[in-house]
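Novice: Residue 5 is where the sequence shown starts when you use my numbering, and the numbers rise one by one after that.
C-beta: ideal position from N, C-alpha, C; glycine also.
Take this structure first; my questions come after.
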Amino acid sequence: MSLKPHSTEWYDRLSTLQRGYYYPWKSKLPLINGEDIFLAQVKDMITPAKDVLEVGCGHGELALQLAASCQTLLAYDRVPAYIRLAQASADEQQVTNVTFVCADSSLATNQRAHIPAGEQSFDVIYSRRGPLHWIDDARRVARPNATLIQLNPSPLPPPIWNQYLPQQFQLPEFGALTMEQIVRQRLAQNQITIHSCWTFQVQETFSTPEDFYTFITWGHDPTNVPPLTQLAPTLNRIFQDYANPDGLEIPFGRFLWHSIIR
């Protein structure tokens, strides 16, 4: 069955296809691409006296990486398999100040999203490529002067060669609004303003058709994915016509923002 990428059903299926949430392909990104800046800023915001929340923690890799830098860290995700992996890793690493919770904060509570935590619980709330609905409940769980920081995928117009891929593997078109506009609207609905933001538009480079194949078929139902040998003529032609000496470039966009709760 064809599922919308990054829908709840899509994530449920992905959790059965790979162990944890990660990108299985090999590619190259410029040194400054948004992901690195996000991580550096989160580390700067966290101190040993702060209580921290991660929204959409996946299998807990980032939460466990940051645990030693804060007082407590609550990390949650809606996919049970990811939370089981996260807790197993915490036990193995003997990390005791991180709590992993399986919860779907998009479920309506009084017609609003609901973060699984009490009022004024956190000094820092972060999310790496997670959803936006948590913003609707951020004020309730954030302490005065708490910092919110999120890195959002910000899709760019696909290259011309996108039309030559089978339809099910074509890079999606984004909507009429940019990710920045979507974020600002969501924040404004909750009387929150952006303190600082950055837009990153770079190129992700795939060195081989094999790596590109892994990228475009990621998360699809394996029973509906043609073998590499079947797609190879199309992929090889795209590489021949559009790749540079380093490989095939794909637009890579990120929007990074942070706000302060007043």
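Enumerate in chain order the residues of its own chain whose CB-to-CB distance from residue 149 is below 7 Å, with the five nearest sequence positions on each side excluded.
Specialist: These residues qualify, in order along the chain: 264 and 265.
Novice: Assess, as a yes-or-no matter, whether the region 25-40 is touched by the region 206-215 under the definition of 3 or more beta carbon pairs within less than 8 Å.
Specialist: yes
Novice: For residue 80, report the span of its beta strand (DSSP E) as first-last.
Specialist: Under the DSSP assignment, residue 80 falls in the beta strand (DSSP E) whose first and last residues are 76-81.
Novice: So the beta strand (DSSP E) residue 127 belongs to, where does it begin and stop?
Specialist: 126-132
Novice: Output the distance between the C-alpha atoms of residue 27 and residue 43, rounded to the nearest integer angstrom.
Specialist: 17 Å
Novice: Assign residue 32 to one of three DSSP states: helix, strand, or coil.
Specialist: Strand at residue 32.
Novice: Using DSSP with H/G/I as helix, E/B as strand and the rest coil, what is residue 154?
Specialist: strand
Novice: For a quick check, are the C-beta atoms of residue 70 and residue 103 less than 8 Å apart?
Specialist: Taking 8 Å as the Cβ cut-off, residue 70 and residue 103 do not qualify as a contacting pair.
Novice: Out of 168, 62, 59 and 54, point me to the one whose CA is closest to residue 72's CA.
Specialist: 54
Novice: Between residue 118 and the rest of its own chain, which residues show a CB-CB distance below 7 Å, the 5 nearest in sequence each way excluded?
Specialist: 109, 111 and 141
Novice: Short of 8 Å in beta carbon distance, which residues of its chain neighbour residue 238, apart from the five on each side in sequence? Order them along the chain.
Specialist: Only 168, 169 and 170 meet the Cβ criterion.
Novice: For residue 137, name the three-state secondary structure that DSSP assigns.
Specialist: helix
Novice: At a threshold of 7 Å, does residue 110 count as lining the ligand FAD (C-beta to nearest heavy atom)?
Specialist: Of the ligands one can find in the structure shown there are none, so the ligand FAD has no counterpart to examine.
Novice: Looking at C-alpha atoms only, which residue of 29, 14 and 139 is the closest neighbour of residue 195?
Specialist: 139
Novice: With a threshold of 6 Å on Cβ separation, who are the neighbours of residue 166 within its own chain once the five nearest residues in sequence on each side are excluded?
Specialist: 174 and 175
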